[in-house]
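The structure appears below as structure tokens.
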Amino acid sequence: MAHVKRQIRDGVKGVLKALPDLASVHSESRTFRAAQRNEFPMAIVSVAENVELADKNPVGNRIVQRNMNIAVTLAIRDTNDDAEDILDDLSVAVEKALLMPSSVNAGKLMFWRFNGSGAMSGEPTEDGIILVQPLNFSCSVMTKDAEPDINLHQ
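The numbers in my numbering rise by one with no breaks, and the one at position 80 of the sequence shown is 549.
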């Protein structure tokens, strides 16, 4: 089974791929390759974690709380005077789609929440400007230290 980070990333990507407003959805590694025009609007999904012990059991039997930070970075090509409006409309669609943690289908995601968005910024490319805006979500998952691939609350 895959690490719980991947389960969450893949689950979020699956939800976003169902949105008709997005032309493509990728993991963060996609940012290292040139994108084609037909891939925009695009969402890039990444997951980071901080881990804290939830009990005092011996190594191999410890329960850990994995605090996940999920970033959904929306990207559009700057071909339009209403770029901010387009990003805002995409943000609405993403926030609604990810409202319920059960939609991610990665077991129980405790304390699921939308934490807000970052400022829009431009990324110059050889083919023009790509405008991006991050949306930030978070949750916690309980696993054993020896089993980072199994959500204890399936």
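Idealized CB from N, CA, C, for every residue including glycine.
Taking its Cβ as the centre, do 16 or more other Cβ atoms sit within 10 Å of residue i, making it buried, or is it exposed?
| i | result |
| --- | --- |
| Ala517 | exposed |
| Lys525 | exposed |
| Arg502 | exposed |
| Leu522 | exposed |
| Gln476 | buried |
Mind reading off the beta-carbon distance from residue i to residue j? Whole number of angstroms is fine, and I expect it under 8 Å.
| i | j | result |
| --- | --- | --- |
| Leu556 | Leu488 | Not a contact, Cβ separation roughly 14 Å. |
| Asn536 | Gly576 | Contact flag wrong, Cβ pair sits at about 15 Å. |
| Glu508 | Ser498 | That pair is no contact at about 14 Å. |
Would you kindly work out how many angstroms separate the C-alpha atoms of residue i and residue j, rounded to a whole number?
| i | j | result |
| --- | --- | --- |
| Phe583 | Leu568 | 8 Å |
| Gln602 | Pro527 | 43 Å |
| Leu578 | Arg546 | 33 Å |
| Lys565 | Thr500 | 25 Å |
| Trp581 | Ser590 | 26 Å |
So, helix, strand or coil for residue i, using DSSP?
| i | result |
| --- | --- |
| Arg535 | strand |
| Arg478 | helix |
| Val528 | coil |
| Ala566 | helix |
| Ala575 | coil |
Less than 8 Å between the C-beta atoms of residue i and residue j, yes or no?
| i | j | result |
| --- | --- | --- |
| Ala540 | Met511 | no |
| Gly529 | Asp596 | no |
| Val561 | Val473 | no |
| Ser586 | Asn538 | no |
| Ser572 | Val484 | yes |
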